[in-house]
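Numbering-wise, the sequence shown is residues 336 to 639 according to our numbering. We treat Cβ as the ideally placed atom computed from N, Cα and C, and that holds for glycine. Here is the structure we will look at.
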Amino acid sequence: MDNGPTTGTPRAPRARRALALAVMAMLAMAAMLSSAKCYPPGTRVVIFIQGIYTTYDANGTQSSLVEQHRFDTLKAEFLARGYKESALLDFSYAGGTVGANGSWHPAPYGCELTDRRPDDNLAPLEKMIADYRAHHPNAHFTLVGHSLGGYLAFLEGAREAARAGGDKLAIDVVVTLDAPLSGVSPDKKTILDIIPCTKTYLAGGDIVAQKLDPTTPATRRAQTAEMAAQGVRLATMGNAYDCFWNPGHCLPGSWVDDSGTQFLDGEASISNAYTVPAAPLASHDAILADANVVRDTVAFVGPP
């Protein structure tokens, strides 16, 4: 159930083809609504997840060419919509602690720590959420992830949908921004190599494996269907001008256009494509500071 209109270009607009399809859509929506849990106002928590080869320190998320700190623009819009600063949390790949008063304290991390397999990257997220819930039993969580962070947010949403009732972590919204949801081609290693950081290529190797695995599309369809059935709303948003996934938009040479990996057409609650112009080195972060994307993201997530 969307919380308002969006302004990006829908990748797969739904058409009313026949009464049977309309009935099926209504039944699917009813199933989603019956699975969704109602929470008291003021209990939504938003967790922001940076991508590969990012860092986190005492000053917060990493700076970028479009923001002083990554996610600053989104956080400002959430604050303007009535969220408390204490409900806007940064994920750390190094984990962190939850204080005796229930406050969230992410640990600093270096860029190399992001270069791990999904299970290793999701373990600290799940532990921090569980620890936070011990102090805030009514809290429910939105995951907003950029790039690899969006891929991890999606995987965590799929995990949440598969959990038994007593094991759920109260994750009910996932937003992915410029995320490699269906994998990317091996030629993207050339782009990764530009980023100064000691690399294991474990994270990148997993993403490439998803692209090469012929079962990935069916897996994503099953995951998104289960997320919808379990009341986990999903928005996949991406920048068609992102030079990371489509280097040919910015660079000469023969490149594979992987820009479609940012979207799960017809499967997510919404799947919006944007054209956000930016200098080549800023194009991967540009979506985070775009007014339309920010507005649509906050509208989709909904009130606190």
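query: Nonlocal neighbours in the same chain, by C-beta distance under 7 Å from Ala624, ignoring five residues either side; result: Val401, Glu402 and Thr408
query: Cβ neighbour criterion (16 or more within 10 Å) applied to Ser589; result: exposed
query: Ala499 (DSSP reduced to helix, strand or coil); result: coil
query: Residue burial classification, His440 (beta-carbon count within 10 angstroms, cutoff 16); result: exposed
query: Residues sharing a beta bridge with Ile384, DSSP; result: Gly480
query: Opposing strand residues paired with Ile506 [DSSP bridges]; result: Phe476
query: Beta-ladder partner(s) of Ala570, from DSSP; result: Val510 and Ile605
query: C-alpha gap between Thr511 and Ala435, whole angstroms; result: 31 Å
query: Exposure label - Ala603; buried when at least 16 CB within 10 Å; result: buried
query: Pair within 8 Å by beta-carbon distance, Ile530 and Phe579; result: no
query: Rounded separation between Arg494 and Lys503 - CA only; result: 9 Å
query: Distance CB(Tyr576)-CB(Ser618) smaller than 8 Å; result: yes
query: Cβ neighbour criterion (16 or more within 10 Å) applied to Leu586; result: exposed
query: Nearest candidate by alpha-carbon position, reference Gly500, set Gln565, Leu616 and Ala626; result: Gln565
query: Helix, strand or coil at Pro552 [DSSP, three-state]; result: helix
query: Cβ shell of Pro376 (< 8 Å), same chain only, five flanking positions each side left out; result: Pro638 and Pro639
query: Asp528 in three-state terms, based on DSSP; result: coil
query: Distance between Ser520 and Lys546 (C-alpha atoms, nearest Å); result: 6 Å
query: Straight-line Cα distance separating Asp392 from Cys446; result: 11 Å
query: Close Cβ partners of Ile382 (< 8 Å) along its chain, the five nearest in sequence each way excluded; result: Leu424, Asp425, Phe426, Leu460, Ile464, Phe476, Thr477, Leu478 and Val479
query: Candidates Gly431, Ser398, Thr554 and Tyr536, of which the one nearest Phe489 by Cα; result: Thr554
query: Residue of His471, Pro515, Pro549 and Asp528 minimising C-alpha distance to Ile542; result: Pro515
query: Under 8 Å between C-beta atoms of Thr665 and Leu599; result: Not covered by the structure: residue 665. The range shown for the chain is 336 to 639.
query: Cut-off 8 Å between Cβ atoms - residues of its own chain near Thr535, not counting five sequence neighbours on either side; result: Glu447, Asp450 and Arg451
query: Spatial distance of Ala497 from Ala608 (CA atoms); result: 28 Å
query: Segments assigned alpha helix (DSSP H), at least 4 residues, entirely inside the region 400-465; result: 407-415
query: Among Gln385, Thr390, Thr389 and Glu412, nearest to Val636 - alpha-carbon criterion; result: Glu412
query: Heavy atom of the ligand ZN within 7 Å of Gly583 beta-carbon; result: The ligand ZN is not part of the structure shown, which contains no ligands of any sort.
query: According to DSSP, residues forming a beta bridge with Tyr642; result: For the chain, the structure presents residues 336 to 639; residue 642 sits outside this window and is missing.
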